[in-house]
Each structure stands twice: as C-alpha cells, then as structure tokens.
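Chains as they are written, first to last, in the numbering used here: chain G, 50 to 398; chain L, 50 to 398; chain A, 50 to 398. See below for the structure under consideration.
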Amino acid sequence: MPDAGSLIYNCWYVAAWSHEVTSAPLARTLLGRPVVLYRTLAGSVVALEDRCCHRAAPLSLGRCEGDNLRCMYHGLLFDPSGKCIEVPHQARVPETFRVRRYPLAERDRLIWIWPGDPAKADVSAVPDAHWLNDPGWRAKPGYLHYQANYRLIIDNLLDFSHLTYVHPTTLGSPAIAAAKPEVERTSAGVRVTRRYPAIDPVPFHAKVGGFTGKVDMWQIYDWLAPAMISMDAGSAPAGEGAPSRRPASAIQFHHLSMITPETERTSHYFFAQPRDFALDDAQMDETVFAQVITAFNEDRAMIEGQQRIIDLTPQVPLRTMAIDRALVEARNRIEAMLAEDAAMAERAA
Amino acid sequence: MPDAGSLIYNCWYVAAWSHEVTSAPLARTLLGRPVVLYRTLAGSVVALEDRCCHRAAPLSLGRCEGDNLRCMYHGLLFDPSGKCIEVPHQARVPETFRVRRYPLAERDRLIWIWPGDPAKADVSAVPDAHWLNDPGWRAKPGYLHYQANYRLIIDNLLDFSHLTYVHPTTLGSPAIAAAKPEVERTSAGVRVTRRYPAIDPVPFHAKVGGFTGKVDMWQIYDWLAPAMISMDAGSAPAGEGAPSRRPASAIQFHHLSMITPETERTSHYFFAQPRDFALDDAQMDETVFAQVITAFNEDRAMIEGQQRIIDLTPQVPLRTMAIDRALVEARNRIEAMLAEDAAMAERAA
Amino acid sequence: MPDAGSLIYNCWYVAAWSHEVTSAPLARTLLGRPVVLYRTLAGSVVALEDRCCHRAAPLSLGRCEGDNLRCMYHGLLFDPSGKCIEVPHQARVPETFRVRRYPLAERDRLIWIWPGDPAKADVSAVPDAHWLNDPGWRAKPGYLHYQANYRLIIDNLLDFSHLTYVHPTTLGSPAIAAAKPEVERTSAGVRVTRRYPAIDPVPFHAKVGGFTGKVDMWQIYDWLAPAMISMDAGSAPAGEGAPSRRPASAIQFHHLSMITPETERTSHYFFAQPRDFALDDAQMDETVFAQVITAFNEDRAMIEGQQRIIDLTPQVPLRTMAIDRALVEARNRIEAMLAEDAAMAERAA
C-alpha cells in the first residue's frame, strides 16, 4: 500500500482551486513531479514542468510576462505550450529547449491536470463538480495535506463502517451504522447507497430543514476512480419519494472530495460540501465547513497513524472483512488502472 | 555498531514504568515494532501488536472495553490474547483475525516484555529490580530517550574509565579514577567491583550518612546481558566490613539502568537510583534524581556524538584499550546472544 | 550534479576563518568527513579527524591541553600530529592509536585544509587571498550555509547572465547585462573579463569614488578550480587607462568567494569583499557587506530551489546555452579534476 508504484498517471486530478492560480506562479508537487501553475492575460491556466530546461531552476521562482513565463535565473522565456521562445544573448533557440506542458481544464472553480500521456487527455472526461459553480448551491472550498498514500484516504472515504468509531459524535449515529448499504459497480467506479426511510431527522437537518416529523434521509456515494468522491445526501419529509424524487421541502448536500497524490507517501486533499439551502447565509458556510473539517481531522489522525504503522511493518498482510466490499472493489479497480497505466507508458516509450 | 542487525529479541526488556500503563492505550515502538500497552479491569497489563490485522490502524488510537481493546477505525474488538472476538456487521470472525500478543511480566513497578519467541519466555528469568518496590528503599523513576544504538549506551555504563572525563565535577573524583576494578564474568553478564577502603567520604555521602571519619566506599556493577545495569554502591564507616557486611551505619544506593532498543538507532532508557536512607524525605528524591540526570545528560551528549560520528564514518574500525576489559566481555557476550537469537529465529521459521 | 561522487579531495579548501579557531575545539564536517580544528599554545592551527580512534567519540567534545587534544570520553591524549600519546591506565600506547591529521595552512585570515593525500599537499599552491590581510584593503568576513551541491554554486558564480534576473535591483543593471565578457582558460581555471568603458558610474561607485563624469568600470573574475572565485572590480575616471592601469582616483574591490563542500548536498560558503577605500570607516564595512549578502541570499534561494528540483527529477538532462561558455569550461575542468583525483586515490590504495 505504501510501496512504490501506486500512482496512476493517465487520469484527471485536481491541481488547485481556481482562486489559487494567478499571474504569480504557484509551485505544487503532483504525482512526484514539480509543476508550476499560472494564469495568462486572458485568464486561462497553464501548467508547466517546474524545472527550467537549462539548469533545472524552478520556474515557479520566475515571473509572468503577458502569457509567457520567464525563468528568473537566466532569463529563458517559455510560452504557454512549454516552448522556450527567448534565450538571452542568443539568436536561435534550439528545438530541445522546452519544458513539459500538462493538459489542463478549469471547471467549476477547480483546475484539473492530466499528468499522463497528453494524447490521451480528454477534457470531456473531467469529472462533474458543477455543484461548486451552480447558483442553486453554495460551499466554502477546503484543503488538507496528508502524510499518507492516497489509497488509505480512498479506503476511508469508501468505507461507512468507520463512521461509528471514528466520528461517534458527528457522523456515526446508530441509525447510520444500522443501515445496510447497497454497493454497485459503475462505469466510473463504485456506488454505495444508503437509505434511512422514515427516521427522526438528525438534529442539524431538523434545524436547517425545519422538519417537524419523520424524514427520509439518504447518502449516495460515488467513488470515481481513482481518487474522487461525489456524494449526494439529504433529508426530506417522509413519504414524499426521496431520494428518487427531490421535493422542494428537501435539504440537500453534495459533498466532493478530490485527492491528488503529491508523492507516494503524501497527498493533497481538496474538498467542499455544497448545500442547496441558506444560499445567502455566509455563517452557514462556516457551520457546515466546521462539521466537515472536524470529521476530516478525526480521519486524518487515523489514516496518518495507519501510514506510520505500515512504514514500520511493511511486510505484514492486510485482512478484509465482510463490510469491505466497496473498498475491495475500489482496490481491484485501482490495480486494473495501474496495470493499464503501465501498459500505456510502455507503448508510449 | 550502528549497523543493522544488532537487536536481540529473545530476552526481557522494560517496555514501560508501571504507572505509564492504564486503561488508556499506550503506543511504544520496541525493537522496531509497534506495540500497544493497556491494563485490564483486574489490573493486569497486556501488550499487543499496535496494528489492527484489518487495515493496519494503530490499536493505540483505540479504546479499552473491559479487558478488551477495540480498534476505533472499524470497530474490531481484540481480547487480551490478541484474538479478534468481534467484527462489526459480520457473524463469523476468521481465525486469521488476530494480532500478536507479547509475553509480559509486571514486577517491581516495571512492565517487562519478551519480544522474541513466546515459547521461550520464562518469567522466572525477569531480572531482579526489587529495590524499586521494597519498603526499605525509595527512588523516583526516570526515563530518557537516546538518539543512539543501545550498545553505545551499554559501553558507557560498563566503563568506569569515562567517569573522570565526562563527569569531572560529579562522579569522576580522583579516588574513583584510581581504584582498580575487578572484572569477572558472571552467568548473567559481567560484574565490575570497585572498592575504596578507608577514604574520606565523598561530600554527599558525608552529608547524608553523617560520617565524621574515614569510610569504606564500594561500587559493584552487574551488567545483566544484554541491556541492564544493576549497581550496588555505598559507604560505611571504615573497618566495619563493608561491602561484605552492611552495618546499620552504612548508606546504600542500588542503581538500576534498563535500556530497551526502540530502533537500531534510538533507545529507551529507564533508570532509578533507590536509596536505603531518608525514606520519608521527598526532597531527597529530587536531590538524588538531579545528580543522576546531570551525569546522564553528560553521557548522552557524548554517546549521541559517537553515533553521529559513526554515521559519518561507518567503515572505520574501533580500537580497544586495556581498561576496556568489561566492555569487551560485554560486546562478546552480545555477539554470542545475537548468534543464538538468529539461530532461534531460524529454528522457529 | 547532485549525484554521489562529485567531491575532489586533492586540493586546498577553506576550513574556517582564522578567528573561528581557538583553543576551544571546533567541529566541522568537510567533504563528508568529521574534522576538529584547534589552536596550539604557539598559535598554530591543527586539523584532526574528529573521531577518537578508541570508540569514535567526537574529539571536538574534548579539551585542549597545551598543544595536545584530550578526548573527554576516556581520556586519550593526541598530539598535533594525530598520534595518541597517552592512554589512561595503560603504559604502552599501540602504534595504531592515532587519528588522521590534515595538512593545513593559515594564510590571510583563512584556515586552508587539504583533505586528500597528504604527500600531495603543497602549501605554495594555497590560493592567494592577500587582500584579506593587506593594510591597503579592508573587509568584513562572511559565511553562508547552503543546502546545495557546490557545483551549483560555482555555476552561479561563473555566470554573469543571471545578474539581470536574480539581482535586478542590485547587480543587474542594463549596462552590465549588455557587456560582452571575454572568457579565457587559465592555468588555475577560467577568467572572465568584462569592461564597461566610459559609462555613467553606478550610483554607489559615484558616491564613494566622488566621480563627476564618465568612468571606466571593470570586473575580472578568476575562477580558481574547483571552488574559489577571486574577482577584481572597480571604477576609474574614463580614459585614465583602467583596468590595465589603476590610477589613484580609482576605487577597487577584490571579491573572494571560497566554497567548501560539507557533503554532497550541502556546502560551506566563505566570502569577503575587500575594498581599497574608506579604510577607516567601520560603517562602510556594513554597507558593502549588506549589498553582498542581499545578492547572495537572492542567489541562494534560486540555487537551493535548483537542488530541490534536481532531487525530484534526477534523470532529466540539463541544457547549455551560448552564454554558458565559462560554466562549461568550469564543468569540464571539474570533471578532469575528479578523474585525476580518483586516479590519485587508486594509486595511493
């Protein structure tokens, strides 16, 4: 799990929140590689190898000049394609003077990057995160840094069985623990559905939804391989058909978690918890964010603990329990993607 | 010396002071392995592998439930034998669901652990430290963490010749430097005896013993292989037969140092300096402790310096001087124990 | 570049500024080796292996006794040749009891050390730094620690093309960027000459030189392989023949930078900027030093950034641009010295 070679390159990852990328170059290590991100005059985002082809100086210590990025060590100027277009005191710029440019897509307040073979990058395959940019929804963007391999985080996100133990005072109510999840393979990954029909609303939902009687609550988790969770959740008055229908009286959340490996042993974690109510209430942003970050910090303590233990005992096998079906599906899918990724790299070489 | 493979598993080590282990699980790395310690309702101590067999979560982040320990990631419950007795949402618990349980003995305010083959663990072989738990003696427990391989610490403890240089203002008086030690091999290790007949009492002994004339002072060091020192020391009025006899007018100390490798390059150091006088004097605890910790910090600076130099120059040989007889005995004994330990591990495999 | 094996042993390096070495032993890691420096009663400097031959204790934790150095672990006493001349409680000192002594030369307020074969150490080859110790010049000694291989620092020092980009507000004026350097191989390394005839004086030169009209400015850089820069620079009223002649109305600097590898990835950087004017002005020391240290910290951010990027992408090749002629000369020379150094070591073995 923490062994070398767990990284899948041919897929879309979040490189940054949109607001992080400006005309001041941003350095970020993604899948073990140094990347620099900046914004052109017209506002589009560029991701280049953060390594001048001349002497390996970080371009992130450089300066944007219009749409181009100048290395501030010796002045080489790179255009947004990664091509060097100016070498000081030299008339001709050799063809070999270029840095890698990564395919990018800016969507829904997120910057997505494709670290793999550029020929395979298909922007239509960028995962849907429109809730981040829809007037009917509102959320505060979040980020955490993890000292752990990304798969340990995915395990955690796919696994409802930890809620009772890790989050006893927040997410782990007995009703949630008792609900039997439906797990199904999807084209994009794995879907886990939990329905809680005709229950007393959880206190927070009762308060913000104004529910006075029983509610139907739901959680529909989509794991989008390899490293994203998109969860539809909410409550509606019992008997109004939720979650198949969404009556106006429902309150809904659409949680998004996007993990990007930084290295084999560290991860970037981008997240948000859009809601479809209290859309003018900035204080509600903080209330919802605080709930999420509290739970995530509980998870992080456990996950970084796992990584520490695995580092001490790398040879010992892990065991699987009955409730791990979604997790096993996910691990198998990741293994298949890794094999495919390796084959792609071999063909490209 | 700092090379890999210096750890001996088949013997008793101190895992903790008794007071450190409660129903709140304690994490400690011992001989490179993650261990969790907790106390049952009846008060007995349990040491388990600090690694849930399911997904390697640290059990030390778990919770005691009666005599059992629950992993607070996914709720597996382990009994004091290391057997998993409950897997949430699953009727049957597979036989393979267990974690290693380490043989333990709680004696004399210390928790002793046997990291090796459990079949070889013989509690009758736990070293004697009764001075820690005897109404005729009194001491404050001590602990230091070392950035050094345990053998460098053993060398230091076995070697009186450093006293003059490392502790010139505390233990290294000229009288001590001049005394010729008797070194003898014992069944348990090496004994070094130093007698100082009819000397002026050292100032501290004079003060606490009320000596007005000459004294016979002694130090009888027992190195108990591989990593414990048990030292009998004191002063008595000259001519009363000490150390063979112990007149009521004598003052005695029984120093104990127990080193437990944490990893190849770091060590736990448990120590205490029981005395047989001023048994109602809490201030005397601090006075004696302060003397010991001052000397130990002097040692630690030198020993961690050695480790740093050895890390820079791993190939350079060490030399032996005449006065190193006890140290050489100890190193040879450790080598023999290592060979025996490896053979035991091979037979067990 | 950051690969193992970039260190050249058979040459002179600065180990310390003279004022750093006293009768209190100084520990310093030089070319990956622990070295201790101290001063004898007569004031001469001794450099020994900082590793007692007995048990590898750092001699730098020891004590000077007259001209000798005593290990304060077990009391072995070493004379300035590295020979052990006293082993406590032992009549005979074995021949093998010695530590390595490094050839040294103290010159011009600097302590030079020869880490290679002592038989090859020729004090007449110690580089000239007399400006540090000449009544006609004055400077404040400087030191920086770098998290980078020494060759990245040499590259920086040999390369004027970075001035415009890294030091735009200090050294990188357009006039400097425009001047075409003359690069010539010398017996000691590479010389880069830049002449700026009949220019407006740079503001600082105008101020301290009292120039009212045009000046001839010059910079003559000598790279003395492998790791020293000796630069003659200044301004004189235009047409008085500078830099071939040095009229009394000229102001001159003689910059010195001496880099000593600490390890493959870290470096000691000793520097000073002697001047031939304002010789009684202590405030001017600070003014000149502040200019240099500001520029050096700009360089350091970039160079340590390079090292970080190279660590992430060790396989990627570097490219050379037209302006890198001096740098390429230097790299080739270093490669030749490394080969020669390896051959010397082989012959010695």
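The beta carbon of each residue, even a glycine, is placed where N, CA and C say it ideally should be. Only a predicted model underlies this, so the values are computations on that prediction, with no experimental measurement involved.
{"query": "Proximity winner among G:Pro366, G:Ser93, G:Ile278, G:Phe253, relative to G:Thr242 (alpha-carbon distances)", "result": "G:Ile278"}
{"query": "CA nearest to the CA of A:Pro217, picked from G:Glu98, G:Met121, G:Pro366", "result": "G:Met121"}
{"query": "Exposure label - L:Thr309; buried when at least 16 CB within 10 Å", "result": "buried"}
{"query": "Any chain G beta carbon closer than 8 Å to L:Val136", "result": "yes"}
{"query": "Best match in A:Ile342, A:Thr145, A:Pro230, A:Trp180 for proximity to A:Leu376 [C-alpha to C-alpha]", "result": "A:Pro230"}
{"query": "Selection from L:Ile359, L:Ala247, L:Ala385, L:Ser130 that minimises the alpha carbon distance to A:Arg104", "result": "L:Ile359"}
{"query": "is_contact[A:Ala397, chain L] using C-beta, thresh 8 Å", "result": "no"}
{"query": "Where the alpha helix (DSSP H) containing L:Val257 begins and where it ends", "result": "252 to 258"}
{"query": "Beta carbon of A:Ala414 nearer than 8 Å to that of A:Gly258", "result": "What is shown of chain A runs 50 to 398, which leaves residue 414 of chain A out entirely."}
{"query": "Endpoints, the beta strand (DSSP E) within which L:Met307 is located", "result": "300 to 310"}
{"query": "Per-residue DSSP class, three states only, for L:Gly354", "result": "helix"}
{"query": "Closest by C-alpha distance to A:Tyr245, when choosing among A:Ile162, A:Leu361, A:Met393, A:Gly283", "result": "A:Gly283"}
{"query": "Rounded distance between the beta-carbons of G:Leu159 and G:Ala188, thought under 8 Å", "result": "With a Cβ gap of about 12 Å, G:Ala188 and G:Leu159 do not count as contacting."}
{"query": "Bridge-paired residues (DSSP) for A:Ser381", "result": "Per the sequence presented here, residue 381 of chain A reads as Asn, with Ser not at that position. Note: A:Asn381 sits in no beta bridge, so no partner."}
{"query": "C-alpha gap between A:His303 and A:Asp271, whole angstroms", "result": "11 Å"}
{"query": "Chain-ordered residues of the stretch 104 to 128 of chain G with a beta carbon less than 7 Å from chain A", "result": "Arg104, Ala105, Ala106, Pro107, Leu110, Met121, Tyr122, His123, Gly124"}
{"query": "Spatial neighbours of A:Ile248 in its chain, beta-carbon cut-off 7 Å, leaving aside the 5 residues before and after", "result": "Ala224, Lys263, Val264, Met266"}
{"query": "Coil, strand or helix - A:Gly111 by DSSP", "result": "coil"}
{"query": "Cβ pair count under 8 Å reaching 3, the stretch 57 to 71 of chain L against the stretch 155 to 169 of chain L", "result": "yes"}
{"query": "Contact with chain G by L:Thr139, beta-carbon distance below 8 Å", "result": "One point to set straight first is that residue 139 of chain L is Gln, not Thr, in the sequence displayed. Closer than 8 Å to some Cβ of chain G, the Cβ of L:Gln139 qualifies, so yes."}
{"query": "Local conformation of G:Leu97 per DSSP, three classes", "result": "strand"}
{"query": "Stretch-stretch touch, CB-based, cutoff 8 Å, three pairs: the stretch 124 to 132 of chain L with the stretch 373 to 391 of chain G", "result": "no"}
{"query": "Proximity winner among L:Gly124, L:Glu155, L:Gln139, L:Ala379, relative to L:Ser236 (alpha-carbon distances)", "result": "L:Ala379"}
{"query": "8 Å Cβ cutoff met for A:Leu97 and A:Val148", "result": "yes"}
{"query": "Ordered list of alpha helix (DSSP H) runs contained in the stretch 184 to 225 of chain L, each at least 4 residues", "result": "199 to 207, 212 to 215"}
{"query": "Whole-angstrom C-beta distance between L:Leu201 and L:Gln356, which should lie under 8 Å", "result": "6 Å"}
{"query": "Short-range partners of chain C found in the stretch 322 to 342 of chain L, where Cβ spacing is below 9 Å", "result": "Here chain C cannot be found, since the structure's protein chains are G, L and A."}
{"query": "Element boundaries [beta strand (DSSP E), containing A:Glu135]", "result": "133 to 135"}
{"query": "Span separating the alpha-carbon of A:Gly81 from that of A:Tyr199", "result": "13 Å"}
{"query": "Cut-off 6 Å between Cβ atoms - residues of its own chain near A:Ala228, not counting five sequence neighbours on either side", "result": "Arg243, Tyr245"}
{"query": "Nearest-angstrom Cα separation, counted from L:Cys101 out to L:Pro143", "result": "14 Å"}
{"query": "Alpha-carbon to alpha-carbon, G:Ile57 and G:Phe320", "result": "20 Å"}
{"query": "Other residues of its chain near L:Arg77: CB distance less than 6 Å, five sequence neighbours each side excluded", "result": "Val84"}
{"query": "Min CB distance G:Ile359 to chain L below 8 Å", "result": "yes"}
{"query": "G:Arg396 classed as buried or exposed, judged by whether at least 16 other C-beta atoms fall within 10 angstroms", "result": "exposed"}
{"query": "Bounding residues of the beta strand (DSSP E) (the contiguous stretch that carries A:Trp153)", "result": "Position check: residue 153 of chain A holds Leu in this sequence, whereas Trp was assumed. Its beta strand (DSSP E) spans residues 153 to 156."}
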